[in-house]
Structures are given as structure tokens and as C-alpha cells.
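First to last, the protein sequences are chains A and B.
Per this note's numbering, residue 21 is the first one in the first sequence, and the count goes up by one each step.
Per this note's numbering, residue 21 is the first one in the second sequence, and the count goes up by one each step.
There are 2 protein chains.
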Amino acid sequence: MTLNDTLLRLKTLGVKITPQRQEILKVLLGEERYYSAEEILKKVQERYPAVSFDTVYRTLYLLKRLGLVVELNFQGGHRRFEFNHEDKHHHHLVCLKCGKSQKLSCCPTDCLTRIKKEHPEFAITSHSFEIYGYCRKCQGLESLG
Amino acid sequence: MTLNDTLLRLKTLGVKITPQRQEILKVLLGEERYYSAEEILKKVQERYPAVSFDTVYRTLYLLKRLGLVVELNFQGGHRRFEFNHEDKHHHHLVCLKCGKSQKLSCCPTDCLTRIKKEHPEFAITSHSFEIYGYCRKCQGLESLG
DNA sequence: CTCCTAGATCGTAATTATTCCGATCTAATT
DNA sequence: AATTAGATCGGAATAATTACGATCTAGGAG
């Protein structure tokens, strides 16, 4: 998904395109990974120093409601946001030391279908699946803080 | 696991048994489900009104380090704690409306083994898998707030 | 192009969750 | 019963998120 595609989509949805929102989208569309609200704020402020947290959060939640952004709550209580590039979710391999993540190719669908059968009364809407550990660089450094 | 078993185990680990800690354990051992720090505080205060958040958090993290308690970060940023009854993790079916959860019998092991093969350089330590949706009672009420 | 207005932004203050800190207390060993 | 390392209390500090009033502006109407 390019910036222009995204802006067009927002326009058809009747959402105002402000410079701040464009900048937030640029950040999210830059590297295909998750960002914390603070990271996004810092990056946007390089261009628009006056932008506030309020704007970042409101924009992120707006994009989330529109399905363009997904919110993730990783272990340790860290809330992260990621652009929903493919309209198809994926999971993450997360390093507990440096916080970097990689996308995973697999999704526990057999578990899901099994649970659906076992709990037909429960209306499943979503699921989370994240794998935690230490990446190559951070191995052996876990205990160093 | 009973309270006495747990206290014995703590004793052998050289951990001081205080009345506050006993009360926190009683809460965790009561219903087999997850609790927020605040829930635990409220329950403990019924017996010891002076107990502080500090004590609750410190005790929970102590128990976590000892492997007796697991910490969960559910979507929405809610941190929860649960007694680790079986020394073997499990996953949850979580209602997004009432917050109640059920334990799940299945665990996405095939995914895990596949990822281990695909990323041999990554030292996996743990994973999360939670399914979200609406329980029977809360279906149709999702939008009512 | 200019005007108008709903909605967006800013700066700051409020709220919430969690952690820290100094003074005091106590479980458990001696 | 005395001792002391470690635990608790109460409140203050910190961090993350949300709310609010005043001001500004994107985008449609004229």
C-alpha cells in the first residue's frame, strides 16, 4: 500500500487529510514494522515540531477503527501500532531485549478451528499469537539489563 | 496446588511468609482465573485495609520470578496475573465485553516447531496465544458499551 | 477564489497504572 | 528475647494515555 493509495482511501471514507496525518502515515508506511506512540511522535516532530501526543493517539485510533492500523499489546505491557499492509493479519517473533520484531509466516489455524468446534457458543472475533525470545545479537546479553 | 503446599514451597525457597502475602495467595488460589492488580488489592484490603499497591505489585513480581504466577498482557493493554497451577502454561478464550476468560485445551505447537526450524538463530523462550470474542451472555451487547 | 463550518490540532491539565522511597515494622533465625 | 534482613506503609514520583477549551484549517458551497 502506498501513501497515495492510502490517502485516496481515507478521502473516500470522508476523513480529512491533514499534514500531520500524512506525516503519521508516512512513518507507518516507512518500515514495515510496529511502532510505539512515542516513536511515531518523535518522527513526526522532525517535520512538525508542534505535534502533540493527542494528535498521534487520536489519529492512530482513527486509523485503527478504519482497519488501516492494528494495535498490539506485547508482553511487558508495551502497546505498539503497525500499518495493516495486506488486510490479512500476521504474527510476530519478538526479541525481549532489543524489542525488534519479525513477521511470522504461520498462523495457528488448526487450533482456531478446533476451538471454534469446542466452543460453538462463543463468537470469536480475533486472536493473538506472538513468540518471544532473544535474537542472535541479543543472545547471551539477556542478563546484562 | 493448595495454600499450604504453596507456603511450604515458598519457605524452602527462603521467602518470608507475611500475612499480606498469604492473603494475596489466597485470592490467587481462590478462583482459577486471572486477576488485575487492583482486584487483588481490593480483595486483600477486605482483610488488611492498610495493604498498598506497592505490596501487591512486589509480591506478584516475586511470585512471577519464582514461577508461581504468570503475567498476561491482554489486548486493550490490560495486565493480568494468574496462579500457575500446573506448571504448564495454557491459553485463554477472552470475552471482550465482560472480560471473563476460559482456559483453552490446545496450544499451537506445530506452529512453534515450524518457527523453530525456520529461525534456528532465535532463542525462543515463550509465546502467547489468546482468542478474543464475545461469550454467549455478551453477544448482541457488544455495541451497548 | 473566498467564506463557512465541522472537525482537527495544540498546549496543557487530568487521569490512570505502576514504581520508587524513607521511615517503620516484623518473620524467622540465633 | 534480641537481632536483622527483608517487608510493609503511605505518599510522592514517573510514565503512558486521555480529556478539554481555545484556536486553527481542510474541503465543500457559493
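No residue lacks a Cβ here, since even glycine has one placed at the ideal position from N, Cα and C.
#1: Quick check on DSSP: helix, strand or coil for I135 (chain A)?
#2: Whole angstroms is fine: what's the gap from S148 (chain A)'s alpha carbon to F149 (chain B)'s?
#3: What residue from B:G50, B:L82, B:Q159 and B:E52 has the CA that sits closest to V35 (chain B)'s CA?
#4: Would I144 (chain A) pass as an interface residue toward chain B - the criterion being a Cβ-Cβ separation below 8 angstroms?
#5: Use the C-beta contact count for I168 (chain B): other C-beta atoms within 10 angstroms, 16 or more gives buried, fewer gives exposed.
#6: Only counting the same chain, and skipping five residues up and downstream in sequence, which positions put a Cβ closer than 7 angstroms to that of I44 (chain B)?
#7: Using DSSP's beta-bridge definition, name the partner residues of H98 (chain A).
#8: Helix, strand or coil: how does DSSP classify K120 (chain A) here?
#9: Let me see if you follow: with CB-CB separation under 8 angstroms, is D130 (chain B) close to chain A or not?
#10: According to DSSP, simplified to helix, strand and coil, what is T145 (chain A)?
#11: Below 8 angstroms on the Cβ atoms is my contact criterion, and I expect S7 (chain B) with Y54 (chain B) to pass it. Report the Cβ-Cβ distance as a whole number of Å.
#12: Cβ of N104 (chain B) less than 8 angstroms from any chain A Cβ?
#13: On the criterion of 16 or more Cβ atoms from any shown chain inside 10 Å, does T26 (chain A) qualify as buried, or is it exposed?
#14: Need the endpoints of the beta strand (DSSP E) that L61 (chain A) sits in, please.
#15: Residues bridged to F103 (chain A) by DSSP?
#16: Is there a Cβ of chain A sitting closer than 8 angstroms to that of K31 (chain B), yes or no?
Working from what's here:
#1: helix
#2: Our two residues, S148 (chain A) and F149 (chain B), have alpha carbons roughly 5 angstroms apart in a direct line.
#3: B:L82
#4: yes
#5: Absent from the model: residue 168 (chain B). The displayed extent of chain B is 21 to 165, so no value can be given.
#6: I60, V64, V76 and T79
#7: A:F94
#8: In the three-state DSSP reduction, K120 (chain A) falls in the coil class, being neither helix nor strand.
#9: yes
#10: strand
#11: Residue 7 (chain B) is absent from the model: chain B starts at 21 and stops at 165.
#12: no
#13: buried
#14: No beta strand (DSSP E) contains L61 (chain A), which is instead part of the alpha helix (DSSP H) from A57 to R67.
#15: A:V89
#16: no
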